[in-house]
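Remarks on the structure that follows.
Number of protein chains: 2
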Amino acid sequence: MNKERLYIFDTTLRDGAQTQGVDFSVDDKLKIALALDNLGVDYIEGGWPGANPTDTEFFQKKHEFVNSKLTSFGMTKRSGRSADNDPGLSALSNANTPAVCLVGKSWDFHVDIALGISNEENLKNISESTKHFVKEKKEFLFDAEHFFDGYKANSKYAISCLKSALDEGARWIVLCDTNGGTLPHEITKIVNEVIKVIPGKNLGIHAHNDTGNAVANSLAAVWAGVRHIQGTINGLGERCGNANLMSLIPTFFLKKDFSSKFELQIKPENIKNLTECSRLLDEILNRKPNKHLPYVGAAAFSHKGGLHVSAVQKDPKTYEHINPEEVGNSRNIVVSDQSGKSNIISRLKTIGIEIKESDPKIKKLLDEVKDREFIGYSYDGADASFELLARRIISEIPRYILIQEYDVSVKKDSYGKIISSARAQLEVDGEKIVCEGEGNGPVNALDNAIRQNVDKLNKYTKYLKDLKLVDYKVRILNTGTEAITRVSIESTDSKGKNWFTIGVSANIIDASFKALVDSLDYKLFKDKAPASK
Amino acid sequence: MNKERLYIFDTTLRDGAQTQGVDFSVDDKLKIALALDNLGVDYIEGGWPGANPTDTEFFQKKHEFVNSKLTSFGMTKRSGRSADNDPGLSALSNANTPAVCLVGKSWDFHVDIALGISNEENLKNISESTKHFVKEKKEFLFDAEHFFDGYKANSKYAISCLKSALDEGARWIVLCDTNGGTLPHEITKIVNEVIKVIPGKNLGIHAHNDTGNAVANSLAAVWAGVRHIQGTINGLGERCGNANLMSLIPTFFLKKDFSSKFELQIKPENIKNLTECSRLLDEILNRKPNKHLPYVGAAAFSHKGGLHVSAVQKDPKTYEHINPEEVGNSRNIVVSDQSGKSNIISRLKTIGIEIKESDPKIKKLLDEVKDREFIGYSYDGADASFELLARRIISEIPRYILIQEYDVSVKKDSYGKIISSARAQLEVDGEKIVCEGEGNGPVNALDNAIRQNVDKLNKYTKYLKDLKLVDYKVRILNTGTEAITRVSIESTDSKGKNWFTIGVSANIIDASFKALVDSLDYKLFKDKAPASK
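Chains as they are written, first to last, in the UniProt record's numbering: chain E, 1 to 533; chain X, 1 to 533.
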């Protein structure tokens, strides 16, 4: 069967850049464009040349994309001057891209309120702008702003805006749900009408997520005949974001109703790069990735409930709609007080402990986890603390450094000077070692007292030299005076694999201390340090 | 026209609790349930009694909901024992809720792989479990796990599972897209078939977001005739989450195609509480709210681009699909420090300070706020600290208690005993006062040293007697060793109006101290205490 072609248009660098808090550098844009070209999207909208220095500079770079057409964005020419004399259009011509996309009005209310011109004048601006770029041999896209709202208000006028561009040779007419308020059933209904006038092979959809339906609206448009889909990596975009291409692309490839009818320029083997592509954007934005993103989120294939876990182990299809590896993601079994035995067993397996389900130690470990979670522990983000707990119950962990006592103090004197200091008394092989340190705060002082004095720790010195804390988090669990503090610490070393530990106590110092000691113990255990005599 | 009723079922406390990283305390659950009851959802699924200590304890509490039916969750009875002798069902009977929801298999593949029983036995387990609770006069809901996958594999069997529950008196048959892989067009097609056998007035939908379509799938089901919709606050849930009720509820109320056909138990005036409800959950989870959530996100009505901003100022309808105030959200124009000024002025007005925009003190206050927010302060949620700062710059705040120095220490001895103690030297009217105290942790000790000794504070004693701290929160802002700690304190007194203060420092003790001193100062200021001589 001949499949129909779908075209993917990425606007991360243009519409995505309009997001509050997003401020790409030229370098950022180059990195993202390269990732998109490698992925194989059809169009990369690079920005609006002339609108800001970053975009202008980006288009001045030499771009050599293998798969994607670089597209510059602008708006239809102003009233009262010819297309040839419009500085906005000139900036786009100078950007020298194979494709040009112009936004123009298709809602009469906007023509009146925002532009303050007549409906006829707007049509003329659309057709002359189109003619201008078609003459320049650009692949021309007309982005019909507010098309769906415009259609609801004045369908005849909205359609005539599309026709003005199509009749002058526009390759694509993009139906834009600018305010994002259109629902899927309306998309279906309206596209079914539009397609009577504009062929589906020339129609595109640009959806926003203001009702949580950007992905569904894009799919509805495709079912109704649209063949060009605009969106961004991770759904980045103003307000509630654009349609998320990281959700749409895998759906087109992995869901049979789509894959049996449609084909894309993106190679099937490239969709395993989607997770990496999603994370790249967060890295550039210095954001914590959203773990719950469809297909590519870190938790998208996490299983926590006990019943789910035992079934997934028998056959992953039981609780997974696709195989996570197809999109470059992975399965993740979580341990918590929701867990049953099977979570524990499968998690033990991943750390190399093979144990029978009937072994009474499993029940003991599960009870211990549940009891601890009840008082505030949470093992689903604390792999190292879980491993230590499990090994202490099931097999054994040597005793390493014994911390006999500590004393932490924070003093503020009458000049306002604050000194945080700590003293800890440790024992290694029967020898008492006193360590002292200062820090920014009490926890930092205690950490410094121990870790800045690793030279004193005799046989453990070499194991702890490269230990580094990379993150420290505090959460107060209850409210009022009976508050419980949970501290999570993320640690790393020169081998580069991070581990996570946890401590819980009514006392923040004690909670931090517990998490810190777990981190030291885990480091000594994984590096096979000898026990303390 | 007679409108049809839609029923909203919230499963934040059950399915939402299965999310990686989420572990509600009993108190958390009570707070969320109260918010849901106030909102007016039809059903609150509280958890799985017997599955973990938190859920068991939650159901033991006395619940008196005004609008919502508390629902307990479990699974259909096991094979090989009667419903009366099934400990799982007994735990649900003992939970004593007006409604009971049981999950059961409807995909033959699962009956075989996960349960390892015959298809007939599964049907029997469904019908007998239903019968059991109907006899107990519970409102019974059957949650047909994996219904859509089951229907695709063996439609006849999947339907017979539903019939087994309906025929024994189930009120609702909930079609669950457990793995979340079903697409909207499939929901439409399959529900259109199901409804030939099971009336729409008995049908529910439970959608997951694994393809980014949970909201759209719920809407598609409603269009196809389903009248009961399950979801969670903010779409909280395992993997990619559940259908987000904070998106669905406003769509039902604010989009005419829905509001003209359907009505809900939720009162129209209550949807302005949705933003608050969404933020409450993040607050309990100690998470940064997702700014881009449809309707309720802080950026859902943010306008950045210059063109958009100028049009929105002419008429907000130009770039907003609804009026943000309808859901308790607000418009946010991201522009110059000019808009900052008008924010500050309007905020000063609410605390009773009238000041002209041209007054140079406005600029000074704005700069101070910006500098402080840059280092980690956040005055959004710290009304009392903002008022103190503003009054100190614009008018004046008397000097009350001077805290000259303090000394806080935490000691752990070799028996594991931890003692937290604090000593503070205060000055009132030139007289030095030394206060000492102990506590659960260093902050609590410092707080006790000051507030448990208010008797010593001479003329301030009577003002501070009824001061109480009701909440204490800590957030670590940066990562690594350069971490900054932000402490927020919520305080109250016998007049019952709470106030919020904030302290930021590299040192958690100092940050807590600052927030505490602001709380004392604010209390003395608002109660018109005299200045210290």
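Beta carbons: idealized from backbone N, C-alpha and C, even for Gly.
Just to check my reading of the structure: L183(X) and T211(X) have Cβ atoms closer than 8 Å, yes? What is that Cβ distance to the nearest angstrom?
6 Å
With 8 Å as the C-beta to C-beta threshold (strictly closer), list the residues of the region 11-25 of chain X near chain E in chain order.
A17, Q18, T19, Q20, G21, D23, S25
Check whether the region 265-272 of chain E and the region 226-243 of chain E are in contact - that is, three or more C-beta pairs closer than 8 Å.
no
Same chain, Cβ closer than 7 Å to A311(X), five either side skipped, listed in chain order:
T318, Y319
Taking a Cβ distance cut-off of 7 Å, strictly less, list which residues of the region 398-421 of chain X are near chain E, in chain order.
Q404, E405, Y406, D407, V408, S409, V410, K411, K412, D413, S414, I418, S420
How far does the beta strand (DSSP E) with G181(E) in it extend, from its first residue to its last?
First-last for G181(E): undefined, no H or E at that position.
Strictly by DSSP, which residues pair up with K412(E)?
I418(E), Y406(X)
Have a look at the DSSP bridge pairing and note the partners of Q265(X).
Bridge partners of Q265(X): none, in fact.
Mind checking E387(X): buried by the 16 CB within 10 Å criterion, or exposed?
buried
Y472(E) - containing beta strand (DSSP E), residue span:
468-476
So for T485(X), helix, strand or coil by DSSP?
strand
Here's a check: name, in chain order, each residue in its chain whose Cβ is nearer than 6 Å to the Cβ of S129(E), leaving out the five neighbours to either side.
T76, K77, A83, L102
Exposed or buried, which one is T11(X) when buried takes at least 16 other CB atoms within 10 Å?
buried
Quick check: what's the CA-CA separation for L281(X) versus V22(X)?
11 Å
Please identify the residue among F109(X), L203(X), A17(X), F252(X) whose C-alpha is closest to the C-alpha of N154(X).
F109(X)
Just checking: is the beta-carbon of W223(X) within a distance shorter than 8 Å of some beta-carbon in chain E?
yes
Can you tell me the Cα-Cα spacing of E373(X) and R5(X), whole angstroms?
47 Å
Note down, one range per segment and in chain order, each alpha helix (DSSP H) of at least 4 residues found wholly within the region 132-169 of chain E.
147-153, 155-166
Counting only beta-carbon atoms, is G441(X) nearer than 8 Å to chain E?
yes
Just the chain E side, please: which residues come within less than 7 Å of N154(X) by C-beta, in chain order?
Residues of chain E passing the Cβ test: none, with the nearest at roughly 15 Å.
Need the endpoints of the alpha helix (DSSP H) that T461(X) sits in, please.
461-464
With H, G and I counted as helix, E and B as strand and the rest as coil, what does DSSP make of W223(X)?
helix
For V215(X), which residues from the same chain have a beta carbon less than 7 Å from its beta carbon, with the 5 sequence-adjacent residues on both sides left out?
A243, N244, S247, L248
Range covered by the beta strand (DSSP E) that runs through V504(E):
499-505
Short CB-CB distance (under 8 Å) between C240(X) and chain E:
yes
Output, in sequence order along the chain, the residues in the region 490-518 of chain X whose CB is closer than 7 Å to any CB in chain E.
A506, N507, I508, I509, D510
Do the region 164-178 of chain X and the region 197-206 of chain X meet, that is, are 3 or more Cβ pairs less than 8 Å apart?
yes
Secondary structure of N332(X), DSSP reduced to three states
strand
Could you tell me whether the Cβ atoms of A422(E) and A449(E) are closer together than 8 Å?
yes
Regarding R279(X) and the ligand FAD, is the C-beta to nearest heavy atom distance less than 7 Å?
In terms of ligand content, the structure shown is empty, and the ligand FAD therefore cannot be addressed.
With C-beta atoms as the reference, is S488(X) less than 8 Å away from S519(X)?
no
Give the range of the beta strand (DSSP E) segment to which V174(X) is assigned.
172-176
Please look up how many angstroms separate the CB atoms of R14(E) and G47(E), rounded, as I've assumed it's under 8 Å.
5 Å
What are the start and end residues of each continuous beta strand (DSSP E) run of 3 or more residues lying completely inside the region 232-317 of chain X, in chain order?
262-264
L183(X): contacting residues in chain E (beta-carbon distance under 9 Å):
A216, L219, T251, K255, D257, F258
Indicate whether at least one CB of chain A lies closer than 8 Å to the CB of A300(X).
The chain labelled as chain A is not found among the protein chains of the depicted structure, namely E and X.
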